[in-house]
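Residue numbers (our numbering), protein chains in the order written: chain A, 127 to 507; chain B, 127 to 507; chain C, 127 to 507; chain D, 127 to 507. Just below is one structure, and these are the notes that go with it.
4 protein chains.
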Amino acid sequence: MTRPIRLGMVGGGNDAFIGAVHRIAARMDGHFTLVAGALSSSAEKARASGAALGLAPDRTYDSFAAMARREARLKDGIEAVAIVTPNHMHFAPAREFLKRGIHVICDKPLTATMAEARKMVQAVRASKALFILTHNYTGYPMIRQAREMVASGALGRIRLVNVEYVQDWLTEPLEQSGQKQAAWRTDPARSGAGGATGDIGTHAYNLARFVTGLGLDSLSADLDAFGAGRVLDDNGHVMLRFEGGAKGLLWCSQVAPGNENGLRLRIYGDKGGLEWAQEDPNYLFHAPLGEPKRRLTRGGAGASAAAAAVTRTPGGHPEGYLEGFANIYTGAARAIRAHQAGQPMPDLDDLPGIDDGLEGMKFVDACVRSSRRNAAWVRLG
Amino acid sequence: MTRPIRLGMVGGGNDAFIGAVHRIAARMDGHFTLVAGALSSSAEKARASGAALGLAPDRTYDSFAAMARREARLKDGIEAVAIVTPNHMHFAPAREFLKRGIHVICDKPLTATMAEARKMVQAVRASKALFILTHNYTGYPMIRQAREMVASGALGRIRLVNVEYVQDWLTEPLEQSGQKQAAWRTDPARSGAGGATGDIGTHAYNLARFVTGLGLDSLSADLDAFGAGRVLDDNGHVMLRFEGGAKGLLWCSQVAPGNENGLRLRIYGDKGGLEWAQEDPNYLFHAPLGEPKRRLTRGGAGASAAAAAVTRTPGGHPEGYLEGFANIYTGAARAIRAHQAGQPMPDLDDLPGIDDGLEGMKFVDACVRSSRRNAAWVRLG
Amino acid sequence: MTRPIRLGMVGGGNDAFIGAVHRIAARMDGHFTLVAGALSSSAEKARASGAALGLAPDRTYDSFAAMARREARLKDGIEAVAIVTPNHMHFAPAREFLKRGIHVICDKPLTATMAEARKMVQAVRASKALFILTHNYTGYPMIRQAREMVASGALGRIRLVNVEYVQDWLTEPLEQSGQKQAAWRTDPARSGAGGATGDIGTHAYNLARFVTGLGLDSLSADLDAFGAGRVLDDNGHVMLRFEGGAKGLLWCSQVAPGNENGLRLRIYGDKGGLEWAQEDPNYLFHAPLGEPKRRLTRGGAGASAAAAAVTRTPGGHPEGYLEGFANIYTGAARAIRAHQAGQPMPDLDDLPGIDDGLEGMKFVDACVRSSRRNAAWVRLG
Amino acid sequence: MTRPIRLGMVGGGNDAFIGAVHRIAARMDGHFTLVAGALSSSAEKARASGAALGLAPDRTYDSFAAMARREARLKDGIEAVAIVTPNHMHFAPAREFLKRGIHVICDKPLTATMAEARKMVQAVRASKALFILTHNYTGYPMIRQAREMVASGALGRIRLVNVEYVQDWLTEPLEQSGQKQAAWRTDPARSGAGGATGDIGTHAYNLARFVTGLGLDSLSADLDAFGAGRVLDDNGHVMLRFEGGAKGLLWCSQVAPGNENGLRLRIYGDKGGLEWAQEDPNYLFHAPLGEPKRRLTRGGAGASAAAAAVTRTPGGHPEGYLEGFANIYTGAARAIRAHQAGQPMPDLDDLPGIDDGLEGMKFVDACVRSSRRNAAWVRLG
């Protein structure tokens, strides 16, 4: 193992949920070491958070702009940055690091608005640095295997895709209590046009595309905001039409009591079906047409090369969310190292990037447009 | 127990699936005795089937018309008839028995066409006899309990209904092989305008309404016929808007490999959620908002009065499809006996009848109309 | 179908649990018609129960002895009798009917004592009539399939058998409240030497033997009576050594909160494993060595001829406890009819009888003997 | 966060399974940094493995003895060492580090022999350094919660403990193929007197004790070696008698096809029951007597303080084996830091140590002694 890649972080101060997840994921396989941070827009909180994480004081910054400027000049400055701020604060920092050649690992969705999304695309294209979007669920081994099985024709021609991401944490108007996660996710200024669609619907849509490889023709969406006083959708029903004739249903909700992170994917072709659930991610159920359903296990009987490539522990010793997330970071490390070595880029097919980010933004935009037009069929913009 | 009610049967000859189910359901609790039948439109097969069932030769008829005429005149003629023919053969026999005051227990959907459905409504209204439609899934004890819980406010105000009925048996064009069940179900002349929507979508829709009590405002349906050469839909994606603001998703499919009779219902209100699956019908999962999910068991801890009223065995000794079906027959027997005794009709609220039948036909009709108009929102006719 | 077999019943009056189960099982497939009963040792209750079941008053008897005498003389007297009394009341009635050539269908365990059990064997041997013991769990289709698979060598050489029957209904001293089921099952005078071992341990042991065909070499049992004031065991831990070297664990308990009727069987050979649970009986899990686990479904993909032979509904339309019980009755009917026709007896291999009854009694006796000797290894007597 | 603790490793070279697990666990929360290693008894392999892990060449040692001597003299020498060698190589290195005041984190079981185990106890007592044994399953959040619930009396008085650890990887004589893991685990010289009992039975026994707090009175064990040519047990059936009257069953097996790492724990008291399975570790099922079973989720509804204290991600984002393992390392870090600061030791009650190690060795020894005496009841030595 070569030395770890030097990583900075924007956002992710004390009490932020996803920042801690990124840090563990970056650390899991030893490929990254966190050395700098602009961890909060509050200078005081940024310093306290940096100290808590053991960052050197001179590499704990008050602003992402200061961090970008100084780190770019340091001999041992950061080589990559993780951006884990709310959606509306993705583009501005990403641009600063990208233009200095610092690789960006950015949380999803890509941005808060379509306009920013398009600017992000430009910024990525103009940069020599890499851009990775943490659609982390694609990092699960059995999802990698599902993708491989679909591509190999194990299901025959795909006819149906059923994907849902169902939660319950916004059943009540939690944002009115001051809960930070709820506050920004229900605020159009920080989240963008989509509520549940942007937060989790994009994950569901990305996962369906990642596994099936199908392109979307059009969608029809019926969005609702059930929570009292809520502006952004907290539930979305979406019918999908894929190119080539496959059909799909996508359901995202944050108001379904009893569901924590119920991301479930079911895919059916004319030769078989696959079923997977994020809450029990070590299992992939495969039903070859006319035969009994089989339970394929990560690390165990039936696991494929694609799964094995991102597997750490044997079957029956479950891996979880953090390991899946770490697989994205480890893929990013592999890409960054090839880039640094001037080697031909490895196959990044499995690594979500700017195209996925733009597609996700278009998905949210299309859902909102469709729903405003009484669920008319719309194409992605 | 008073003597069993004398029952006749139209359809259900050798090799018919649902006829045998009706006979077991009728016999399960001892409330009916099968004494006459017009079991097939083929005279020879009708006789052979009658003999196999132990019917007296003089009560084995070549036609439902002959059976209706003669049985109505017999002193110990049939008091009720089960109609278990394909959809297009529901109305004609039902009319004959209804007009002679013989109670009708009819398989679903009500008829093959809307025109016949409306005539059926007239025939029922014009008759003194009872009309019961075997939406058998409403007979499951935990479905009765779910209905009771929703009505009691255990879930608060209902926001979301997710119902699906997913099968795989028509993944390949089985009807081209001459398989009888597949042949008539994919034939518009015998099934009507709906394929999967009529055969199983009506069950799903009925179940959602039975449990929630919600009235439908409108729906948007995207129907497909994936099977080669197939005319009727074998997959339906339907978005639902209920009166009062609740939303729903309904998915019915006969082309999803690995699914046998995957009828699943999930209901979410602002105080909790309920989940139930027909293939594991003895469990009802209840998630009060903010509390752990509980597994309520038929006959066991958490079972309510509504469930207990239709329960035969203790918790952990599973009841199944036939017991649920028998609960419809036993409810029918109770109603028929009250009717015969001139007593006030018992509360038939739990017993599906002509209104449910018409609603189901309207549902299929609306799905087909919507789908033809590119999934436009339509109201039930 | 020929006419139903005329059946009488001993025990099973109002409020008895298992009597009602036997009646439904006898009726399910139309092979039996209940025409006589000695339903209670209380004359008044016997009459009331007979009336409730619609029996003719002159065939509602005060005692089994009276029933046996009179029915044997009637031209259309009963051809078979179901004995559904507590254990200590199995032998006396069975003897009366057997000696008059009336077939006996008897609940398990065979008797209350070993002495009676041996007398029962004599009575059966001395009679021309058939004797069937309702080890009903052997009637489940997927159990029939499991047996078939083991016999066919699908698991290779059997090494391990793990069987358990776990309940919770006697966690508290329910018998002290006057609850009838608890009262006799915890009373040595009516149950015999075994509590949980006799009531449910015999089922578990029978099921393991039925599926594996293994003969027992010896066992070591540690029995406990946890319930306050309880004499008979309510929990049993039993280690098993089979002939040929296979080993087993058997656990029966009535004091494990959260378990209703948790009868579970796991069998492992050198080529594969099988797992089955009575509470979800339509599934049989098969793990061929080194391959993914498969879920075989009753009536569906992977169901074998042995399962299909006792299956009524298609896959995904669950059958349950009553259908499994009915399979015993239907097997009994087939045997009785062959007997009446003077035909060679059909293969009764699947039908539990006197040998199983005696084996079960020996199992209980051995458990009690072993436990009294500090779990010494003992052979069946 | 203060700086990471400097960690060395003995064993864990390329291709060793458990070494990689320890490294990830040590790294997960950022509390340790691996700086030195004696990774293999082969000098060449030790160097190659050190290089692959990015260790400095001068801190890649040929032997644990050299590492202990030199690191103890370095100013920035290791503060703790992880010993991840086969069982027979635990004691010798542990002694070297302990006597130099370097904290030891040792894999289980404690040693290969009872004699070594007792020497290990002496070495630990004679040292000022800490000794932690990685009974990693005690690190699972829902196991912490189960322990807390039992201690709080949520189950009432414990009556029954059922624990099993079932695998299938030694169904065939894998050790004869040269597979390294199988080779040493089936070799008495390297594993000790127990095969499955030592490898996984000790985990099961430790887990049962950890959660219930019960002391063992005696056990009766029936061990088998089913694998061809195998000397050590690959299957163990064990009956347990706890002090105070509770009873238990323990089953460990490595020859049960279809089981990967089936560690399952069920505990029943007179007020309720708990069930947990390592392969689905985010759920804890709690059945209060007479109430529906509840599914408590890690990070979600019903999770307790004890669970929350070792939880990283919200409910529905599963944690797994590595996170549970990391909880042991993080507990170790906390203890080491308190020790270094001369602070009163934190409550190490949750952290497995030398006492657990000795108890585990006694358990294996007792199983072997009992089995040799035909499963006689024996006390721990």
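Yeah, the Cβ is synthetic: ideal placement off N, Cα and C, and Gly gets one too. Quick caveat, the model's predicted, so the values are computed rather than measured.
Let's see if you can read the secondary structure: which residues bound the beta strand (DSSP E) around residue i?
i, result
"Ala403/A", "398-403"
"Phe368/C", "361-368"
"Thr159/C", "158-164"
"Leu422/D", "419-423"
"Met135/A", "131-136"
"Gly176/D", "Careful: Gly176/D lies outside any beta strand (DSSP E), inside the alpha helix (DSSP H) at 169-178."
"Ala208/B", "206-209"
"Tyr409/A", "409-414"
"Val230/C", "229-232"
Give the interface partners of residue i over in chain C, defined as CB-CB distance under 9 Å, in chain order.
i, result
"Met154/B", "Ile150, Arg153, Met154, Leu448"
"Glu417/A", "Arg420, Ala427, Gly428"
Quick check on the DSSP output: the alpha helix (DSSP H) that includes residue i runs from which residue to which?
i, result
"Glu274/C", "267-278"
"Tyr447/D", "447-466"
"Glu386/B", "Segment: none, Glu386/B is in no alpha helix (DSSP H) and carries neither H nor E."
Just to confirm my understanding: we take residue i, look at its own chain, exclude 5 residues before and 5 after, and list those with CB closer than 7 Å. What are they?
i, result
"Arg221/A", "Ala249"
"Met487/C", "Pro235, Leu236, Thr237, Met240, Ala243"
"Lys254/A", "Gly227"
"Asn453/A", "Gly265, Val436"
"Gly395/C", "Leu281, Gly282, Arg283, Ile284, Arg285"
Would you mind giving the Cβ-Cβ distance between residue i and residue j, rounded to the nearest angstrom? I have them listed as a contact below 8 Å.
i, j, result
"Asp359/B", "Asp350/B", "6 Å"
"Asn361/A", "Asp294/A", "Going by Cβ atoms, the distance from Asn361/A to Asp294/A rounds to 11 Å, so no, they are not a contact pair."
"Leu160/C", "Met135/C", "6 Å"
"Thr211/A", "Gly137/A", "4 Å"
"Gln271/A", "Leu133/A", "29 Å between Cβ atoms; not a contact."
Between residue i and the rest of its own chain, which residues show a CB-CB distance below 8 Å, the 5 nearest in sequence each way excluded?
i, result
"Glu369/C", "Leu340, Gly341, Leu342, Asp343"
For a contact meaning CB atoms closer than 8 Å, what does residue i contact in chain D?
i, result
"Asn387/A", "Pro440, Gly441, Gly442, His443"
"Asp348/C", "Ser346, Met365, Arg367, Lys373"
Give me the chain B residues within the contact set of residue i, using Cβ-Cβ distance strictly less than 7 Å, ordered along the chain.
i, result
"Arg285/A", "Phe352, Val381"
"Ala280/A", "Result: empty, since nearest Cβ-Cβ is about 11 Å, beyond 7 Å."
"His363/A", "Met365, Lys373, Leu375"
Could you pull out every residue in the same chain whose Cβ sits closer than 6 Å to the Cβ of residue i, ignoring the five residues on either side in sequence?
i, result
"Asp325/A", "Arg311"
Could you list which residues in chain A have their beta carbon closer than 7 Å to that of residue i, in chain order?
i, result
"Glu405/D", "Gly442, Pro444"
"Thr423/D", "Glu386"
For a contact meaning CB atoms closer than 9 Å, what does residue i contact in chain D?
i, result
"Thr128/A", "Gly180"
What residues from chain A crowd round residue i, counting only those whose CB sits closer than 9 Å?
i, result
"Val147/D", "Arg438, Thr439, His443"
Quick one: which chain D residues come within Cβ less than 7 Å of residue i?
i, result
"Thr297/C", "Asp396, Leu415"
What residues of chain C sit near residue i, judged by a beta carbon separation below 8 Å?
i, result
"Trp503/D", "Asn500, Ala501"
Could you name the residues of chain B that residue i contacts, counting a contact when the two beta carbons are closer than 8 Å?
i, result
"Gly399/A", "Asp294, Ala382, Pro383, Gly384, Asn385"
At a cut of 8 Å, does the stretch 329-343 of chain C reach the stretch 382-392 of chain C through at least three beta carbon pairs?
-> yes
Could you tell me whether the stretch 477-486 of chain A touches the stretch 232-250 of chain A, where touching means 3 or more Cβ pairs closer than 8 Å?
-> With the cut-off at 8 Å, the stretch 477-486 of chain A and the stretch 232-250 of chain A touch.
Sufficient close CB pairs (3 or more, under 8 Å) joining the stretch 428-441 of chain B to the stretch 439-459 of chain D = By the Cβ criterion, the stretch 428-441 of chain B is not in contact with the stretch 439-459 of chain D, since fewer than three pairs of Cβ atoms, one from each stretch, lie closer than 8 Å.
Stretch pair the stretch 453-472 of chain D + the stretch 188-201 of chain D: three plus CB contacts closer than 8 Å | no
Are the stretch 266-276 of chain C and the stretch 372-387 of chain C touching, with three or more C-beta to C-beta distances below 8 Å?
-> No, they do not touch.
Count the CB pairs spanning the stretch 135-151 of chain D and the stretch 492-506 of chain C that are closer than 8 Å, and state whether there are at least three.
-> no
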